[in-house]
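Residue numbers (my numbering): 567 to 652.
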């Protein structure tokens, strides 16, 4: 009798050959990240520039809380060619 689980047997040494599966997992995590928002407190003064404001620099003081919206970053059309394509 044919064991149906034998057809899908996967070993650790074969995992690096599953390129398409790896791409699917990474794209799924880009579109639906496990953590949507990161929040950090700066330990030193940090200078940023932003393309939407003609790269004008601005400084955020040490001790300030900075939030990074991963969900929005992964859907930014300036970073991704087709950000909402799944």
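Note that the Cβ used here is the ideal one computed from N, Cα and C, for glycine as well.
Small disclaimer: the values here were computed from a predicted structure and weren't measured.
Counting only the same chain and skipping the five closest in sequence on each side, list residues whose C-beta sits under 8 Å from that of residue 649. As a first step, residue 649 must be located in the chain shown, where it is residue number 83. 640, 641, 642, 643.
Note the first and the last residue of the continuous alpha helix (DSSP H) segment covering residue 593. Residue 593 sits at position 27 when you count from the first residue of the chain shown. Its alpha helix (DSSP H) spans residues 585 to 597.
Cβ of residue 615 within 8 Å of any heavy atom in the ligand MG? Looking for the ligand MG in the displayed structure turns up nothing, as the structure carries no ligands at all.
Straight-line gap, residue 576 to residue 591 (C-alpha atoms, nearest Å): The count along the chain shown starts at 1 and reaches residue 576 at position 10. The count along the chain shown starts at 1 and reaches residue 591 at position 25. If you take the alpha carbons of residue 576 and residue 591, they lie about 17 Å apart.
By the DSSP assignment, the beta strand (DSSP E) with residue 608 in it spans what residues? Translated into the one-based positions of the chain shown, residue 608 becomes position 42. Counting along the chain, residue 608 falls outside any beta strand (DSSP E), and DSSP gives it neither H nor E.
Suppose you measure from the CA of residue 651 to the CA of residue 584; what does that come to, to the nearest Å? Position 85 of the chain shown, counting from 1, holds the residue named residue 651. Position 18 of the chain shown, counting from 1, holds the residue named residue 584. The alpha-carbon atoms of residue 651 and residue 584 are separated by roughly 22 Å.
Identify the residues that DSSP records as bridge partners of residue 633: which are they? Along the chain shown, read from residue 1 onward, the residue named residue 633 stands at position 67. Bridge partners of residue 633: 605.
Identify every residue that forms a DSSP beta bridge with residue 645. Position 79 of the chain shown holds residue 645. Note: residue 645 sits in no beta bridge, so no partner.
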